[in-house]
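**Student:**
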Amino acid sequence: MQSPIGEIRPKEINLVFCIFLIFQKINTVGNSNADVPLADPGMYQLDITLRRGQSLAARDRGGTSDPYVKFKIGRKEVFRSKIIHKNLNPVWEEKACIIVDHLREPLYIKVFDYDFGLQDDFMGSAFLDLTQLELNRSTDVTLTLKDPHYPDHDLGIILLSVILTPKEGEPRDVFQTQSLRLSDQHRKSHLWRGIVSITLIEGRDLKAMDSNGLSDPYVKFRLGHQKYKSKIMPKTLNPQWREQFDFHLYEERGGIIDITAWDRDAGKRDDFIGRCQVDLSSLSREQTHKLELQLEEGEGHLVLLVTLTASATVSISDLSVHSLEDQKERGEILKRYSPLRIFNNIKDVGFLQVKVIRAEGLMAADVTGKSDPFCVVELNNDRLLTHTVYKNLSPEWNKVFTFNIKDIHSVLEVTVYDEDRDRSADFLGRVAIPLLSIQNGEQKAYVLKNKQLTGPTKGVIYLEIDVIFNAVKASLRTLIPKEQKYIEEENRLSKQLLLRNFIRTKRCIMVLVNAVYYVNSCFDWDSPPRSLAAFVV
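Per the UniProt record's numbering, the very first residue in the sequence shown carries number 1; after that it's consecutive.
1. Just the C-alpha distance for residue 570 and residue 368, rounded to the nearest angstrom, thanks.
2. If you run the structure through DSSP and keep just helix, strand and coil, what is residue 362?
3. At which residue ranges does the UniProt domain "C2" (329-448) contain complete beta strand (DSSP E) runs of 3 or more residues, listed in the order of the chain?
4. Measure the C-alpha to C-alpha separation of residue 425 and residue 525 and round it to an integer number of angstroms.
5. Going by Cα to Cα distance, which pick from 95, 332, 201 is closest to residue 222?
6. Please report how far the alpha carbon of residue 104 lies from the alpha carbon of residue 119, in whole angstroms.
7. Going straight from the alpha carbon of residue 352 to that of residue 288, what length do you get?
8. Report yes if the C-beta distance between residue 125 and residue 88 is below 8 Å; otherwise report no.
9. Quick one: Cα of residue 284 to Cα of residue 308, how far?
10. On the DSSP letters alone, give me the boundaries of the alpha helix (DSSP H) that residue 529 sits inside.
11. Should residue 470 go down as buried or exposed, given a rule of 16 or more other Cβ atoms within 10 Å for buried?
12. Would residue 298 and residue 273 be called neighbours here (beta carbons separated by less than 8 Å)?
13. Thinking C-alpha only, which one of 400, 506, 415 is nearest residue 465?
14. Reducing DSSP to helix, strand and coil, say where residue 478 ends up.
15. Quick check on DSSP: helix, strand or coil for residue 46?
16. Between the C-alpha atoms of residue 275 and residue 92, what's the straight-line distance to the nearest angstrom?
17. Hey, how far is the Cα of residue 261 from the Cα of residue 50?
18. Could you give the distance in angstroms between the alpha-carbon of residue 79 and the alpha-carbon of residue 111?
19. Kindly indicate if chain C contains any beta-carbon less than 8 Å away from that of residue 291.
20. If you draw a straight line from the C-alpha of residue 62 to the C-alpha of residue 68, how long is it?
21. Given 8 Å as the limit, is there contact between the region 360-376 and the region 451-463, that is, 3 or more CB pairs closer than that?
22. State the DSSP-derived secondary structure class of residue 471, mapped to helix, strand or coil.
23. Please classify residue 473: is it buried, with 16 or more other beta-carbons within 10 angstroms of its beta-carbon, or exposed?
24. May I ask you to report which of helix, strand or coil DSSP gives residue 499?
25. Between residue 237 and residue 147, what straight-line distance do the alpha-carbon atoms span, to the nearest angstrom?
26. Check whether the Cβ atoms of residue 158 and residue 99 sit closer than 8 Å, and answer yes or no.
27. Short of 8 Å in beta carbon distance, which residues of its chain neighbour residue 226, apart from the five on each side in sequence? Order them along the chain.
28. On the criterion of 16 or more Cβ atoms from any shown chain inside 10 Å, does residue 529 qualify as buried, or is it exposed?
29. In this structure, what does DSSP give as the bridge partners for residue 52?
30. Let me know the secondary structure DSSP gives residue 99 once reduced to three states.
31. Per DSSP, what kind of secondary structure is residue 114 in: helix, strand or coil?
32. Straight-line CA distance for residue 183 to residue 504?
33. Return helix, strand or coil for residue 263, following the three-state DSSP convention.
34. Residue 204: which of 292, 518, 437, 402 sits nearest, CA to CA?
35. Taking its Cβ as the centre, do 16 or more other Cβ atoms sit within 10 Å of residue 390, making it buried, or is it exposed?
36. For residue 62, which residues does DSSP report across the bridge?
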């Protein structure tokens, strides 16, 4: 039998038929109800505990490294660990919760050595095939680190614990907005769904870590990538901190706040006192919880106040995404604060929108003659930040901040800082603007001032501010005591102040040196008329 493609032999017919049966079988298996993760079109929650590393590669001159770990899925970084300094066998014990929408992409684990001011050194990588994980079961994983350019080198191992859980019973498009992969609008606006306020009150009966039977304790808090550190309380086992820290919640489920207590040792590595955790999913919202937490792996307790509050009116967005330009949104806001709504949420006095556009002529804070400026916008205890513009003295942020006003007599503070990696930011300038003095919709250049607002510093910042408020509510709010600001800025060593004092001291020393040279020249009679005049005087 002939055909346009030639003769078809019986063996070829059998081969084609067998291939057809194989594909038919594969499709039948793929459509079955078997528990095969790869075939599930739903989403998964991947809970990872980064345990420790062993025998990692030395990248520093002292034969050690400062390792940290990155997790990536596809091209997106989904987690970064803290840095463990000078250790080839680091212990992290950090947890990450990652939402994945399919299991085809492996989890990439990359380890780097942190180098301050330089490019971090690569220490090895590995990947975890998510399709090989058993669902709803904790699995301990040991990954051997490799360098693709030097596959024979021994770079150590990384130990993880992972749990893969399918998200059943939730529509994919609904859950997508609640996951760590925020919707496009949320990613653009950096909106959060709530704020966790933690007041660190005190510690009780902490473990003595110093030879004098005392400790110099401080506390670190971590929620995802957000970190805070308390002040150090010297020589005490029962410290009184009374500090407040605010975390932003980006998902409805909450999260886990990791808390560690440390003893400060000058010139040495700080001693670990103990750790504890706060599971936010177990706490009710709009209520303050007093928690006395037992420190694990140590002794003593920490006393905290934890409050979860919704924050629908506090946000950051780009200039292209904000409320008052949309006439419908503006109308809703005006309606919310109309005179007819006096008794509707008496504490909600008004609405504030701040456009942080740009700055010009900022102070150079780095040795390169540049700065890495970012802005902090504060209204009482609400505190929002812009992104950092690197190596620029005239940055453009183009961000819009919105706040709810609780007291019309409040003062808006906008502070510009220079970002320093792993160090406290350097102050560049500040402006303070009373809300009652604001002229709506007017773009204005404000001269930056010093911390005390007593004199100008270098640079100006361009802002456009709008205030909408209910005058009756604002008048009633005047009778209530002013809101207490929990966190006062501590006086820190500033590089600019240190540099100015160094230059001033250098000038004084040069004046003294020149005076000594002048006196010596008089005694040496380098210029007889000058020496004679000096001795006569």
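Here a beta-carbon is modelled for each residue, glycine too, at the ideal position from N, C-alpha and C.
Given the structure is predicted, the values throughout are model-derived calculations rather than measurements.
**Tutor:** A quick look at the data gives this:
1. Residue numbering for the chain in the displayed model covers 1 to 537; residue 570 lies beyond these limits and cannot be assessed.
2. coil
3. 350-360, 373-379, 382-385, 396-405, 411-418, 426-434
4. 54 Å
5. 95
6. About 31 Å.
7. Spanning the two alpha carbons is a distance of roughly 26 Å.
8. no
9. 7 Å
10. 528-536
11. buried
12. yes
13. Closest option to residue 465, Cα to Cα, is 400.
14. coil
15. Residue state, collapsed to three classes: strand.
16. Rounded to whole angstroms, residue 275 to residue 92 spans 12 Å at the Cα level.
17. Rounded to the nearest angstrom, the two C-alpha atoms are 20 Å apart.
18. 12 Å
19. The displayed structure is made up of one protein chain only, and chain C is not part of it.
20. 18 Å
21. yes
22. helix
23. buried
24. helix
25. 46 Å
26. no
27. Here the set comprises 247, 248.
28. exposed
29. In the DSSP output, where bridge partners are listed per residue, residue 52 has 91, 159.
30. strand
31. Residue 114: coil per DSSP, three-state reduction.
32. Interpretation of residue 183 is limited by its pLDDT of 36, a score under 50 that renders its predicted location unreliable; the figure taken from the coordinates is listed afterwards. C-alpha separation (whole angstroms): 53 Å.
33. strand
34. For the residues 292, 518, 437, 402, the minimum Cα distance to residue 204 belongs to 292.
35. exposed
36. Bridge pairing for residue 62: absent [DSSP].
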